[in-house]
Amino acid sequence: MLSTLANPARFMRISGVALPWLGSASAVVLALGLVWSLVLAPPDYQQGESVRIMFIHVPAAWMALSVYLFVAIASAVALVWRHPLAEIAAQAAAPIGAAFTLICLATGSLWGRPMWGAWWVWDARLTSVLVLFFLYLGYIALVNAFDDASRGGRAGSLLALVGIVNLPIIKFSVDWWNTLHQPASVLRLGGPTIDASMLVPLFVMAVGFALLFAWLLLLRMRTALNERKARALRLYGVPDREQPIPAARPAWR
Amino acid sequence: MTRKRRRLITLLAALFALGAATALVLAAFNDNLVFFYSPTDLAEKSVGPDRRIRIGGLVETNSLAKQVDGHAVAFRVTDGKTELRVVYDGMLPDLFREGQGVVAEGKLRDGVFIASSVLAKHDEKYMPPEVADALKKAGRWQEGSGKPTAVPARVP
């Protein structure tokens with residue numbers, strides 16, 4: 001399945017069909033999830049209406065972690081098997097993951113102020129998520145730091161793989177150490193501790209975020225492939241001698 | 001062995017070494033990674049009177065006392081085994097209440113914790129007010145079971 005998709009031409013064909021479906025599906029699911037979680041879901045017995053921040057914060061945090069895992073796996077595939085699409089996928093996903101991480105940090109800060117009494121604390125959970133954000137930024141910067149795009153991709157892939165040690169630290173920070181951040185509510189032994197009336201809209205939002213990611217990922221990968229093709233055409237075909245040949249640009253843009 | 005296979009094995013070995021190194025570092029710095037000490041941790045350590053530390057636990061039920069004139073408060077923080085008296089003069093967060101988690105920053109003096117800031121720590125349970133009321137009515141309510149440290153489950 002994956003190896004058939006690894007052919008760029010076939011990828012362009014299939015993703016072209018999937019793109020509008022993914023886009024509209026994510027719009028519909030996110031609209032449903034937003035109304036459900038921000039209007040219809042009940043307030044919390046302790047936190048009142050502030051609990052609604054959770055419906056953005058938690059899916060964004062899940063995506064921040066899953067997208068990083070995606071980047072790391074794609075980087076491993078790129079390093080070991082040299083699949084042509086793996087590196088493009090990793091580089092297309094990283095800015096989306098960074099955006100999810102930023103959303104997670106910003107909404108967490110807005111939530112922490114009224115509930116805990118602090119915008120930010122240096123506890124293990126918050127600090128490790130901030131490190132994740134810097135890992136994303138470092139990956140993006142490293143990929144673009146080389147004139148030779150393939151060397152940048154190789155270096156970035158290695159960084160992405162090194163950063164994977166941070167994922168279990170983020171997940172289990174609230175169990176291993178005393179933190180101000182509360183322990184896990186959903187993915188925990190003994191089942192979720194969120195009432196079904198809030199858990200269901202939370203899952204709807206999570207599905208919406210995942211669809212949004214899939215849509216943005218395909219969009220960015222197609223753009224990257226088109227850009228590569230355009231560069232190749234400019235370099236080898238259709239010579240327009242009046243214009244200077246542009247220097248090789250990083251592939252992920 | 002093909003080149004792909006060799007690259008895969010190298011990668012896995014490097015990741016394993018990296019993971020082991022990280023685990024060792026984290027274990028070594030374990031003491032610095034905690035955001036706060038529980039009263040029991042504190043009793044086992046000797047902390048100087050001028051060191052700023054954070055302590056955390058549950059605000060003991062019926063332990064909160066407010067001064068009549070000002071806004072100074074005193075309460076006890078417990079982890080189920082050890083208690084610690086905390087005095088604080090300042091704004092308490094909205095979620096501060098008895099039976100709830102709390103993290104206080106300050107200094108320990110003569111067995112009393114002089115807090116300079118108090119943060120509320122909420123648990124991992126989320127439910128509508130009606131469900132919480134129904135649980136309380138049915139006697140299945142455990143106050144503060146989303147505890148920051150190992151607290152034996154209390155009688156409802």
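Line by line, the protein sequences give chains C and A.
Just so we're aligned: the first sequence equals residues 1 to 253 in the working numbering.
Just so we're aligned: the second sequence equals residues 1 to 156 in the working numbering.
For each residue, glycine too, the CB sits at the ideal point set by N, CA and C.
Note that the coordinates shown come from a computational prediction; the quantities given were computed from them, not determined experimentally.
For residue i, verify whether its CB is less than 7 Å away from any heavy atom of the ligand NAD.
i	result
Phe113/A	As for the ligand NAD, it is missing from this structure, which has no ligand bound.
Quick one: is residue i buried, meaning 16 or more other Cβ sit within 10 Å of its Cβ, or exposed?
i	result
Phe29/A	exposed
Ile9/A	exposed
Asp44/C	buried
Tyr236/C	exposed
Asn226/C	exposed
Asp110/A	exposed
Leu24/A	exposed
Glu49/C	exposed
Pro93/A	buried
Arg125/C	buried
Met91/A	exposed
Pro49/A	exposed
Arg54/A	buried
Phe134/C	exposed
Gly16/C	exposed
Val39/C	exposed
Arg253/C	For Arg253/C, the predicted model reports a pLDDT of 49, less than 50, meaning its position is unreliable; a value from the coordinates is still stated below. Burial call: exposed.
Arg3/A	exposed
Leu69/C	exposed
Identify which residue in the options has its Cα closest to the Cα of residue i.
i	options	result
Leu34/C	Gly237/C, Ala214/C, Val204/C	Val204/C
Tyr37/A	Ala20/A, Ala74/A, Gly56/A, Val25/A	Gly56/A
Leu102/C	Met221/C, Val186/C, Val67/C	Val67/C
Pro39/A	Phe113/A, Pro129/A, Met91/A, Glu130/A	Phe113/A
Trp119/C	Thr127/C, Lys171/C, Gly108/C	Gly108/C
Asp123/A	Val103/A, Lys137/A, Arg85/A	Val103/A
Asp79/A	Pro93/A, Asp41/A, Asp31/A, Arg6/A	Asp41/A
Ser117/A	Leu64/A, Arg76/A, Ala74/A, Tyr88/A	Tyr88/A
Gly208/C	Leu142/C, Val200/C, Gly152/C, Val28/C	Val28/C
Ala210/C	Met63/C, Val77/C, Ser150/C, Tyr136/C	Met63/C
Gln223/A	Thr22/A, Arg76/A, Val131/A	In the structure as shown, chain A starts at 1 and stops at 156, and residue 223/A therefore has no counterpart that could be examined.
Pro42/C	Ala132/A, Ala134/A, Pro128/A	Pro128/A
Ser157/C	Ala74/C, Arg231/C, Ser37/C	Ala74/C
Ser128/C	Cys104/C, Arg82/C, Asp147/C	Cys104/C
Leu108/A	Glu130/A, Leu95/A, Leu84/A, Phe16/A	Leu84/A
Ser150/C	Gln46/C, Arg228/C, Leu212/C	Arg228/C
Go ahead and pull the three-state DSSP assignment for residue i.
i	result
Tyr45/C	coil
Thr22/A	helix
Ser15/C	helix
Phe113/A	strand
Glu124/A	coil
Glu105/A	strand
Lys4/A	helix
Ala72/A	strand
Val34/A	coil
Asp175/C	helix
Thr78/A	strand
Glu60/A	coil
Asp89/A	strand
Lys45/A	coil
Glu83/A	strand
Leu119/A	strand
Ala74/C	helix
Gly65/A	Before going further, note that residue 65/A is Ala rather than Gly in the sequence given. Three-state DSSP puts Ala65/A in a strand.
Arg222/C	helix
Looking at residue j and residue i, is the spacing between their C-beta atoms short of 8 Å?
i	j	result
Ala98/C	Met221/C	no
His181/C	Asp123/C	yes
Tyr126/A	Met115/C	no
Val174/C	Pro168/C	no
Leu187/C	Ile194/C	no
Leu161/C	Gly138/C	no
Trp215/C	Leu85/C	no
Leu217/C	Leu19/C	no
Val47/A	Asn178/C	no
Leu119/A	Gly117/C	yes
Arg7/A	Leu142/C	no
Leu11/A	Ala76/C	yes
Ala106/C	Ile140/C	no
Val86/A	Ala65/A	no
Leu130/C	Asn166/C	no
Ala232/C	Ile164/C	no
Which runs of the alpha helix (DSSP H) fall wholly inside the region 79-128 of chain C and span at least 4 residues, in chain order? 84-115
Please give the ranges of any alpha helix (DSSP H) in the region 129-177 of chain C, keeping only runs that are unbroken, at least 4 residues long and fully inside the region. 149-162, 166-176
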